[in-house]
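Below you'll find the structure, written out as structure tokens, and then a few comments.
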Amino acid sequence: MDADVIIVGGGIVGLSAARLLAAAGARTVVIERARVGAEASTAAAGMVAPQAETAEDSPLLELALRGRDHHLALAPALEAETGLSVDLACRGLIELAFTGEDLRRLEARRSWQTRRGLAAEALGPAEVRESEPNVNPAVCGGLYIPGDRCVDNVRLVRALAASAVARGASIVTGRPVTGLVVESGVVAGVQAAAEAFRAPVVINAMGAWASQLAGDPLPPPVEPVRGHIVAFDMAPALLRHVVCSPRGYLVPRADGRTLAGSTTERAGFDKIVTAAGLGTVLGIALEIAPILGDVPVADSWVGLRPGTPDGLPVIGPGMLPGLFHAAGLYRNGILMGPLVGEIVAGLVRGLASPVDLAPFSVTRFAAGRPQLVPERVD
Ligand SMILES: Cc1cc2nc3c(=O)[nH]c(=O)nc-3n(C[C@H](O)[C@H](O)[C@H](O)COP(=O)(O)OP(=O)(O)OC[C@H]3O[C@@H](n4cnc5c(N)ncnc54)[C@H](O)[C@@H]3O)c2cc1C
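For the sequence shown, the working numbering gives the first residue as 6, with consecutive numbering after it.
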């Protein structure tokens, strides 16, 4: 199959890029190993929370804040286009403090965020309980971030895929890509077992597997970071806001479930749900809302975050003409994935990125590569 652009990986990033490229008239093919949204993009909790997640001095801050704005425009656009609501919540996020140290940390966050013109309000313990009557009475304060929110990431993936197809993209599922096809030093497509797909542009949107595209001279050093989620079934809803503690979070879903997360585990590509992982997440959930002790557990699962050594994504051109990376979004890929898809689709079309991509270039890893020829030691 010949195309203008091949996108490897049908997660939130790949699908977001596909719908924009297809709309711009590029013949776009997404090649997905399993099924659309098979991995982190549907395993995630769906927080769209740049202010709760990002530090003041992080190179991610601008991308994260723009990622949140992008969701505000994307949700109604997708609903108008596909008829699917992605349940982008509008009630904000509350971070809880249980100790004096937690309070100091939240105050520091409130201070730099308000200095930057971002809305963040300190809450006393009574105000926290008034906003969220089901949280632990032991809270000693909180921080209300009205702009942070959550989205139903499973619905979002479905809507992105429907939009991409409606705009003319092809999605090929059940087809693991094994490597790049490179001719005369430039990208000419990808190989998927015995089948070659030809295109002059390939976008690596392979999530936690992004380091595994054979033929890439400098693959992004992405590694899987496992996270457990537990879903509780409770109607009426237990919480109005996303509620975070220093250890984890509870995310209310419009479908009546409340998701609790998560763990941060280096366990390779192993996707088993473990007793230890569940124990950690249940502990997080019960600390935030002890009332959950009486609520049925509806489901549990794990997902693999695409982590990088410095915690920053890899976005931009690769080391071969025609190769682009959109990978390594770690714990904020739902927040930033749609924007990153748009940015990389723009790069393919020769458009400038609205955000400085220098901190996210794959070349930052070039110096740390193992040397092919060992240096002589005399
Ligand atoms: C437990 C958990 C909670 C999270 N919570 C949040 C949150 O609240 N907010 C937030 O912003 N982010 C969250 N994240 C992070 C977010 O889920 C990820 O950053 C994001 O989904 C990454 O999207 P992606 O498209 O890059 O990767 P993925 O969704 O993993 O998609 C990559 C796709 O590539 C496919 N693929 C891999 N190899 C090949 C191959 N060889 N050939 C073809 N296809 C291939 C895979 O099958 C997969 O479908 C969470 C993640 C986890 C695990």
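Think of the CB as a built atom: it goes at the ideal place given N, C-alpha and C, for glycine as much as any other residue.
Run through DSSP, which three-state label would His75 get?
helix
Would Val300 pass as a contact of Phe237 if the rule is Cβ separation under 7 Å?
yes
Tell me Trp306's beta-bridge partners as DSSP assigns them.
Ile234
Taking the beta carbon of Phe274 as the centre, do at least 16 other beta carbons fall within 10 Å, making it buried, or is it exposed?
exposed
Give me the DSSP bridge partner(s) of Gly184.
Gln196, Ala219
Out of Gly261, Ile339, Gln56, state which residue places its alpha-carbon closest to the alpha-carbon of Met239.
Gly261
Expressed to the nearest angstrom, what Euclidean distance is found between the alpha-carbon atoms of Leu297 and Ala124?
30 Å
Classify Ala201 as helix, strand or coil using the three-state DSSP reduction.
strand
As assigned by DSSP and simplified to three states, the class of Thr33:
strand
Simplified DSSP assignment, three categories, for Val207
strand
Take the Cβ of Ile36 as the centre, count every other Cβ of all protein chains shown within 10 Å, and call the residue buried at 16 or more, exposed below.
buried
Should Pro64 and Pro364 be called a contact, given that it needs their Cβ atoms to be closer than 7 Å?
yes
If contacts are defined as beta-carbon pairs under 8 Å, then Ile339 and Ile320 qualify, I think. What distance do you get, rounded to the angstrom?
With a Cβ gap of about 16 Å, Ile339 and Ile320 do not count as contacting.
Under a three-way DSSP split, which group does Val162 fall into?
helix
Within 7 Å, strictly: CB atoms of Pro318 and Pro226:
no
For a test of your reading of the model: does the CB of Asn337 fall under 6 Å from any non-hydrogen atom of ligand 1? Yes or no.
yes
In three-state DSSP terms, what is Phe370?
helix
Taking 6 Å as the cut-off, is the CB of Arg310 close to at least one heavy atom of ligand 1?
yes
Mind checking which residues open and close the alpha helix (DSSP H) that includes Arg110?
105 to 120
For Ile11 and Gly253, which I take to be in contact (beta-carbon distance under 8 Å), what is that distance rounded to the nearest angstrom?
37 Å between Cβ atoms; not a contact.
Stretch-stretch touch, CB-based, cutoff 8 Å, three pairs: the region 243 to 253 with the region 288 to 295:
yes
Please determine, among Gly179, Arg336, Val140, Glu44, the residue with the shortest C-alpha to C-alpha distance to Trp214.
Glu44
Own chain partners of Gly266 with C-beta closer than 8 Å, once the 5 adjacent residues on each side are dropped:
Ala50, Gly232, His233, Ile234, Val235, Gly253, Tyr254, Val256, Val286, Ile289
Take the Cβ of Val378 as the centre, count every other Cβ of all protein chains shown within 10 Å, and call the residue buried at 16 or more, exposed below.
Low per-residue confidence applies at Val378: pLDDT is 37, beneath 50, and the placement is therefore not dependable, though the value from the model is reported in the following sentence. With fewer than 16 other Cβ atoms within 10 Å, it is exposed.
Near Ala272, which residues of its chain fall below 7 Å by C-beta distance, leaving aside the five closest residues on each side in sequence?
Arg231
Going residue by residue through the region 309 to 345, where are the continuous alpha helix (DSSP H) segments of at least 4 residues, counting only ones entirely within it?
none
Under 7 Å between C-beta atoms, does Arg110 make it to chain B?
Any reference to chain B falls outside this structure, which holds one protein chain only.
Closest to Gly312 by CA distance: which of Gly346, Ser216, Arg109, Asp304 is it?
Ser216
Reduced DSSP secondary structure (H/G/I, E/B, other) of Gly147:
strand
What separation, rounded to the nearest whole angstrom, lies between the Cα atoms of Ala210 and Pro130?
43 Å
Once you ignore the five residues that flank Thr87 on each side, which residues in its own chain have a CB closer than 6 Å to its CB?
Ala164, Ala167, Ser168
From Asp92, Ala28, Ile277, pick the residue whose C-alpha is nearest to that of Cys155; which is it?
Asp92
Taking 8 Å as the cut-off, does the region 173 to 192 touch the region 125 to 144 (at least 3 CB pairs, one atom from each stretch)?
no
What does a CB cutoff of less than 7 Å around Ala69 pick up in its chain, not counting 5 residues either side in sequence?
Pro55, Glu58, Thr59, Asn337, Leu340, Met341
Just curious, the beta strand (DSSP E) that Thr263 is in, first and last residue?
262 to 266
What span of residues does the beta strand (DSSP E) with Leu98 cover, start to end?
98 to 102
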